[in-house]
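Which chain is which? The protein sequence lines are A and B, in order.
The working numbering runs 56 ahead of the 1-based position in the first sequence.
The working numbering runs 127 ahead of the 1-based position in the second sequence.
Built from N, CA and C at the ideal position, the CB exists for glycine as well.
Step one of this worksheet: look at the structure below.
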Amino acid sequence: MFRFLSQTGKYFILLKKVFSKPEKPSVYLKQTLFELYNLGFNSVGIVTIISFFMGAVIVLQTAYNTENPIYPTYLIGLTCRDMMLLEFSSTVTGLILAGKVGSSIASEIGTMRVTEQIDALEMMGVNSASYLILPKIVATLLFNPILTLLSIIVGILGGWLAGTTAGVITSEDFIYGIQYAFIPYYLTYALIKTLIFAFIITSISASQGYNVDGGSLEVGRASTKAVVFSSVLILLFNVILTQTLLS
Amino acid sequence: MIKVINLEKNFNGKCVLHDITVSFESGKTNLVIGRSGSGKTVLVKSIAGLHEPDKGEVWFDDVLFNKLDFNSKKEIRKEMGMLFQGSALFDSLTVEQNVRFPLDMFTDKGLEEKTERVNFCLNRVDIKNANHLYPSELSGGMKKRVAIARAIALNPKYLFCDEPNSGLDPITAIMIDDLIRELTEEYSMTTIINTHDMNSVIEIGENIVFISEGYKCWEGNKHEVLHSDCELLNEFIFANSMARHLLAPGKQ
Ligand SMILES: Nc1ncnc2c1ncn2[C@@H]1O[C@H](COP(=O)(O)OP(=O)(O)O)[C@@H](O)[C@H]1O
Ligand SMILES: [Mg+2]
């Protein structure tokens with residue numbers, strides 16, 4: 057319990073340091089562009105692959121579990137769309153990014169801590185927390201919504217391809233289904249979740265890395281903790297946000 | 128000139144530095160010596176403000192540094208350079224970018240002017256044709272020299288070196304020591320060097336402070352260091368048999 061409180065305290069102290077005035081905007085801009093590429097663009101591949109297969113499996117599962125003539129097949133398309141939109145492309149993508157991006161942030165910053173690179177920054181008079189973490193937060197807040205949109209589109213494509221290839225749904229029905237009873241607010245909901253998850257992943261992982269004390273063993277531990285903590289928080293906030301945004 | 132008065136530092140209730148009072152003059156190589164774990168790194172980091180001292184005062188010339196607020200500290204930090212034990216070069220930047228980093232961060236100079244300064248500093252530490260290499264591609268001695276170049280990029284008044292020659296062969300180690308001493312005299316810096324290396328003590332020990340388990344035990348220069356009556360210091364200096372043979376044939 058005490059450990060938990062002290063960790064939470066450290067997290068908020070760090071956040072305060074992160075959001076103080078940047079010393080040199082041009083340097084920060086350059087870092088942010090780099091992180092957009094490093095943390096954002098580099099995740100396009102994994103998000104595409106996973107979304108494609110998830111969309112495909114959603115369609116097949118729905119089809120085989122509703123082999124009932126009363127149930128119109130276009131609903132398979134609708135299910136695919138809403139599953140992607142409501143849960144998959146924000147929450148599941150969030151969990152995957154927690155693994156990929158979270159562990160890389162924690163180990164990068166943790167290594168800088170134990171090799172005294174953070175001390176070197178502080179020594180020069182650079183606000184190390186802000187310099188290292190703010191560009192990552194900004195970059196993921198900007199790029200993760202793009203990943204979510206990408207995930208929705210690719211997921212639906214995957215569903216369409218799987219459904220039509222397996223012959224469980226015709227192309228027309230699927231396209232009718234994904235347009236049927238579309239609620240635009242669901243998109244807003246998915247994007248709000250994405251933004252909050254992006255902040256959780258980046259800030260929690262960065263704080264785990266930044267507060268490493270010790271050697272390379274602790275860096276490894278911090279990177280595991282980063283993934284576990286941000287995943288659990290994503291699941292927790294998913295429940296809270298679903299309740300507040302959809303009820 | 129750096130003055131430390133009654134400095135005390137604790138970690139989780141354990142006292143690591145006890146009541147240290149010492150002053151370090153400018154233009155001289157000031158050595159802090161002691162066994163591993165004696166508190167050398169903590170002392171230097173407390174002076175530089177990387178650790179917050181629990182008690183005592185740290186004066187940089189006539190400024191009481193450890194009581195300043197964050198922003199005023201930052202101003203003085205720009206006049207400090209530090210060489211870390213593991214060099215602490217930024218992994219993701221090339222040699223040139225590493226040395227240019229403080230210039231990028233704190234000056235409004237154009238790229239050309241900055242590159243000129245970078246090359247000047249790299250030349251000064253005798254690094255050539257390595258501008259575009261990454262730290263992982265350098266040898267230990269080269270890393271140290273690049274780190275020195277980065278530390279002096281902004282013409283600091285104060286230079287801290289934490290075990291500058293640990294992990295280096297004796298010849299490279301002496302080159303690094305000499306380089307630090309030359310730079311100290313050239314720019315009249317106040318330099319503090321942590322070391323447990325006896326060669327450094329004999330070569331560049333203009334002012335030596337010996338600490339043991341967080342206590343300051345002895346202070347003097349390289350001529351006095353061999354003839355002290357501080358038992359802990361003698362134990363430290365004459366730890367290996369070569370030192371006993373060569374430095375004090377009587378003390379076997
Ligand atoms: N961040 C820290 N937290 C807790 N204890 C520390 C920390 N840094 C150093 N110490 C302790 O302070 C003592 C002095 O360490 P240090 O200054 O690194 O020794 P050295 O003289 O080898 O540089 C050691 O006992 C070490 O365990
Ligand atoms: Mg040390």
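Neighbours of Ala175 (chain B) in chain A, taken as residues whose beta carbon is under 7 Å from its own, are Met179 in chain order. For Arg244 (chain B), the closest C-alpha among the options B:Ile279, B:Glu290 and B:Leu195 is that of B:Ile279.
Rounded to the nearest whole angstrom, the CA to CA distance from Cys288 (chain B) to Phe211 (chain B) is 6 Å.
The Cβ-Cβ distance between Asn193 (chain B) and Gly176 (chain B) falls below 8 Å. Going by DSSP, Thr322 (chain B) is part of the beta strand (DSSP E) stretching over Thr317 to Thr322. Per DSSP, Thr149 (chain A) is one residue of the alpha helix (DSSP H) stretching across Thr149 to Leu153. For Gly213 (chain B), the closest Cβ of chain A is nearer than 8 Å. For Leu71 (chain A), the closest of A:Phe255, A:Phe199 and A:Leu273 by C-alpha to C-alpha distance is A:Phe255. Here DSSP, grouped into helix, strand and coil, assigns Leu210 (chain B) to strand.
When the alpha-carbon of Asn246 (chain B) is set against those of B:Lys155, B:Arg272, B:Val226 and B:Glu264, the nearest one is in B:Val226. Look at Asn292 (chain B): its beta carbon is at least 7 Å from all of the heavy atoms in ligand 2. Using a Cβ-Cβ cut-off of 8 Å, Lys72 (chain A) does not count as an interface residue toward chain B, since no Cβ of chain B sits closer than that to its own. A Cβ-Cβ distance of about 43 Å is found for the pair Gly111 (chain A) and Gly270 (chain A), leaving them out of contact under the 8 Å criterion. Secondary structure note for His145 (chain B): its beta strand (DSSP E) is the uninterrupted segment Lys141 to Phe151. In terms of Cβ geometry, Leu281 (chain B) and Val222 (chain B) do not form a close pair [threshold 8 Å].
Around Leu134 (chain A), the same chain offers Gly233, Ile234, Tyr236 and Ala237 as residues with beta carbons nearer than 8 Å, after the five sequence neighbours per side are excluded.
For Leu251 (chain A), the secondary structure class from DSSP, reduced to helix, strand or coil, is helix. Across the segment 160-186 of chain A, CB contacts with chain B closer than 7 Å involve Thr171, Glu172, Gln173, Asp175, Ala176, Glu178, Met179, Met180, Gly181 and Val182, in sequence order along the chain. Remark: the C-beta of Lys167 (chain B) is in contact range of ligand 1, defined as less than 7 Å to any heavy atom. Using a cutoff of 7 Å, the CB of Asp289 (chain B) counts as near ligand 2, since one of the ligand's heavy atoms is closer than that. Taking C-beta separations shorter than 6 Å and ignoring five residues to either side along the sequence, the partners of Ile132 (chain B) in its chain run Thr148, Gly183 and Glu184, following chain order. Where Ile239 (chain A) is concerned, there is no enclosing beta strand (DSSP E), because DSSP gives it neither an H nor an E. Here the alpha carbons of Phe109 (chain A) and Thr147 (chain A) stand approximately 16 Å from one another.
Looking at the DSSP output, Leu286 (chain B) sits in a beta bridge with B:Gly208 and B:Thr318.
In the displayed model, Thr129 (chain A) falls within coil according to three-state DSSP, outside both helix and strand. Between Gly211 (chain A) and Phe253 (chain A), the C-beta spacing is not below 8 Å. Secondary structure within the segment 162-249 of chain B: the alpha helix (DSSP H) runs of 4 or more consecutive residues, fully enclosed, are 167-175, 197-204 and 222-233 (chain order). Here Gly101 (chain A) is not near Ile257 (chain A), since their CB atoms are 8 Å or more apart.
Collapsing the DSSP output to three states places Ile160 (chain B) in a strand.
With the rule of 3 Cβ pairs closer than 8 Å, the segment 149-161 of chain B does not count as touching the segment 280-293 of chain A.
Listed by position along chain B, the residues whose Cβ is nearer than 8 Å to that of Val284 (chain A) form an empty set, because the closest Cβ is around 25 Å away.
Proximity of chain B to Lys80 (chain A) at the Cβ level (cut-off 9 Å) is accounted for by Asp231, Met232 and Phe233, in chain order. Taking C-alpha positions only, Asn250 (chain B) is separated from Leu310 (chain B) by approximately 13 Å. Neighbours of Phe217 (chain B) in chain A, taken as residues at a C-beta separation under 7 Å, are given in chain order as Gln173. Spatial neighbours of Val194 (chain A) in its own chain (CB-CB distance under 7 Å, excluding positions within 5 residues in sequence) are listed in chain order as Thr88. At a cut-off of 8 Å between beta carbons, Arg272 (chain B) makes no contact with chain A.
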